[in-house]
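Under UniProt numbering, the residue at position 365 of the sequence shown is numbered 365, and the numbers go up by one with no gaps.
Beta carbons are placed, not taken as given, at the ideal position from N, Cα and C, and that holds for glycine.
Report on the following structure.
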Amino acid sequence: MTPDRAVLERAIERGEREGGSVEFKERLTRETHLVDGRLESLAAQLRHRVLSGDGEATYVVGITDDGNLAGIDPEAFSESMDVLSLLADEAGAHIEDVETWGVDGEGNAVRGQSGERGIVGVATIREGAVMDDDEHIVVGTAGHVDHGKSTLVGSLVTGQADDGQGGTRSYMDVRPHEVERGLSADLSYGVYGFDDDGPVRMDNPDRKTDRARIVEEADRLVSFVDTVGHEPWLRTTIRGLVGQKLDYGLLTVAADDGPTKTTREHLGILLATELPTIVAITKADLVDEDRIATVEREVERLLRDVEKTPLPVERHGVDAAIEEISETVVPVVTTSAVTGDGLDTLDELFERLPKTGGDETAQFRMYVDRSYNVTGVGAVASGTINAGRVEAGDELLLGPMADGSFREVVARSIEMHYHRVDEGRAGRIVGIALKGVEEQDVERGMVLLPRETDPQPVREFEAEVMVLNHPTRIGEGYEPVVHLETISEAAAFYPEGGQLLPGDSGRARIRFKFRPYLVEEGQRFVFREGRSKGVGTVTDVTGVE
């Protein structure tokens with residue numbers, strides 16, 4: 001018996017042994033199980049299973065009542081999970097986790113794959129409805145490599161002191177080579193929260209069910225988008241800071257190193273996107289008080305150089321920081337992930353800071369940051385909801401495709417930090433399972449919109465731009481990469497008047513090199529090519545082409 005099959009067999013044996021908290025279903029359909037009072041009856045049955053299991057029940061789908069592996073096709077399995085989610089919601093519970101096995105022609109089960117005879121899945125149901133996520137802020141981190149971004153966030157979300165070697169960093173870095181080298185190379189995510197008793201932290205961040213527990217238990221959530229500090233991956237950092245609908249920025253500066261060129265660059269991106277930002281001076285345990293005072297002065301000078309007002313929180317207090325933080329006022333906190341100094345201050349700030357990003361009353365819009373495929377669910381598009389709300393079952397448009405068209409899709413289900421929710425709102429990081437499209441057709445830079453909209457993608461737009469750094473001049477045909485929302489695309493610039501010099505501001509016509517995108521007036525963007533960098537604001541998307 002294979003290890004994967006053994007796990008499934010134990011779930012079946014548990015059901016046969018315990019009975020009360022485990023239910024076998026071959027499949028669930030909307031037509032059969034959600035009509036003529038059936039929903040109420042099945043919800044009552046599910047509630048009984050949950051109560052029998054002291055708040056937890058197990059549903060094994062794709063299996064007969066006598067425990068034989070039947071297997072159902074991925075489409076039927078996805079519908080079964082949708083129906084089970086509705087039943088759980090009706091019973092005051094939710095789906096916490098789903099594991100799947102593929103069943104081959106000989107009845108062998110392999111975890112996470114689809115077999116010849118289809119899929120068998122084990123869903124864990126937990127008591128308690130999904131959280132009302134009105135209180136949820138999203139924080140983007142930035143800072144030079146080895147200045148302690150991931151370590152600081154790892155200590156915040158777990159409450160664990162770092163070992164002085166960046167041990168808590170491993171809770172953020174998601175790729176094996178990142179952990180091995182101690183360098184982040186892609187965006188990673190963390191979450192913690194607060195309830196009436198204080199912080200709700202992760203016990204085991206490597207276990208996705210632990211993240212789901214935070215979403216379930218906390219009254220207020222703090223999600224971190226942890227970016228990359230190494231210069232070769234600046235494009236990924238820009239993607240994290242520009243492509244997410246962030247509420248706040250968190251810039252780290254190591255006390256033993258002080259502000260660097262990368263620090264200045266990341267600060268420029270944060271402030272260019274008009275993001276309220278906190279500066280955390282990290283690694284205070286490595287230096288003496290004189291060195292900390294020196295770095296604090298260097299940080300204050302750096303902020304004043306870009307016409308921002310530093311607000312030392314230790315001197316002025318958390319109340320003042322919460323009241324004054326803005327595009328022009330930047331709170332500064334000195335911290336150590338090893339000793340815990342300053343972490344209580346950050347906790348208090350993140351617990352009390354108001355949400356700033358996203359308009360829940362506007363029409364739904366989400367730019368896709370990444371996509372992946374989940375067995376039994378299909379294509380999933382993830383990103384931060386820019387505006388409005390989306391519910392499971394909503395009919396949406398996805399695009400533009402390379403030819404400028406949009407595809408009709410349906411939101412099968414929505415997850416937030418591995419926790420299934422019925423609704424996603426502006427400013428939340430979510431994964432939306434989509435019906436009507438294959439994963440390979442979902443690309444970063446696409447957008448999800450309500451089906452009744454009439455989006456008009458463009459290849460060209462006009463913008464007001466500012467050149468932050470360039471060795472000579474920007475002339476007609478200059479081709480940097482434009483980072484707008486989650487779009488990262490080469491584009492040709494045609495400045496009004498024929499050129500722009502370093503430090504200049506002016507108008508330009510900008511044309512995407514390869515394909516159209518959905519661009520709207522007022523959107524801000526960053527452009528970069530080599531050492532050349534600048535920012536801009538879209539001013540017109542009509543009559544350009």
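Item, Value
"Residue 494 versus residue 281 - alpha carbon distance", "41 Å"
"C-beta atoms of residue 460 and residue 511 nearer than 8 Å", "yes"
"Coarse secondary structure for residue 294, derived from DSSP in three states", "helix"
"Beta carbon of residue 82 nearer than 8 Å to that of residue 371", "no"
"Touching by the beta-carbon criterion (3+ pairs, under 8 Å), the stretch 329-346 and the stretch 307-321", "yes"
"Nearest-angstrom Cβ-Cβ length linking residue 154 and residue 225, presumed shorter than 8 Å", "14 Å between Cβ atoms; not a contact."
"Start and end residues, alpha helix (DSSP H) containing residue 307", "First-last for residue 307: undefined, no H or E at that position."
"Residue 38 versus residue 69 - alpha carbon distance", "25 Å"
"Separation of residue 350 from residue 157, as counted between CA atoms", "12 Å"
"Which of helix, strand or coil DSSP assigns to residue 149", "helix"
"Other residues of its chain near residue 53: CB distance less than 6 Å, five sequence neighbours each side excluded", "21"
"Residue from 204, 514, 60, 96 whose Cα sits closest to the Cα of residue 27", "60"
"Nearest residue (CA-CA) to residue 79, options 295, 25, 40", "25"
"CB of residue 449 within 8 Å of CB of residue 457, strictly", "no"
"Which listed residue (98, 49, 77, 138) has its alpha carbon closest to that of residue 386", "138"
"Closest Cα partner of residue 488 within the set 445, 465, 507", "445"
"Given 8 Å, three or more beta-carbon pairs between the stretch 87-105 and the stretch 395-404", "no"
"Start-end ranges of the alpha helix (DSSP H) lying completely within the stretch 50-105, minimum 4 residues", "74-90"
"C-beta contact flag for residue 190 and residue 127 at 8 Å", "no"
"Short CB-CB distance (under 8 Å) between residue 489 and chain B", "This model lacks chain B altogether, as it is built from one protein chain only."
"Any alpha helix (DSSP H) of 4 or more consecutive residues that is wholly inside the stretch 313-369", "313-316, 318-324, 343-352"
"Per-residue DSSP class, three states only, for residue 158", "helix"
"Runs of alpha helix (DSSP H) lying entirely within the stretch 465-539, each at least 4 residues, in chain order", "none"
"Cα-Cα separation, residue 291 to residue 204", "35 Å"
"For residue 179, three-class secondary structure by DSSP", "For residue 179, the pLDDT reaches just 35, beneath the cut-off of 50, and the residue's location in the model is therefore unreliable, although a value from the coordinates is still provided. In this structure, residue 179 counts as helix in the three-state DSSP scheme."
"Cutoff 6 Å; reference residue 130; Cβ partners in own chain excluding five residues on either side", "Because residue 130 carries a pLDDT of 49, less than 50, the predicted location of this residue cannot be relied on, and no value is offered for it."
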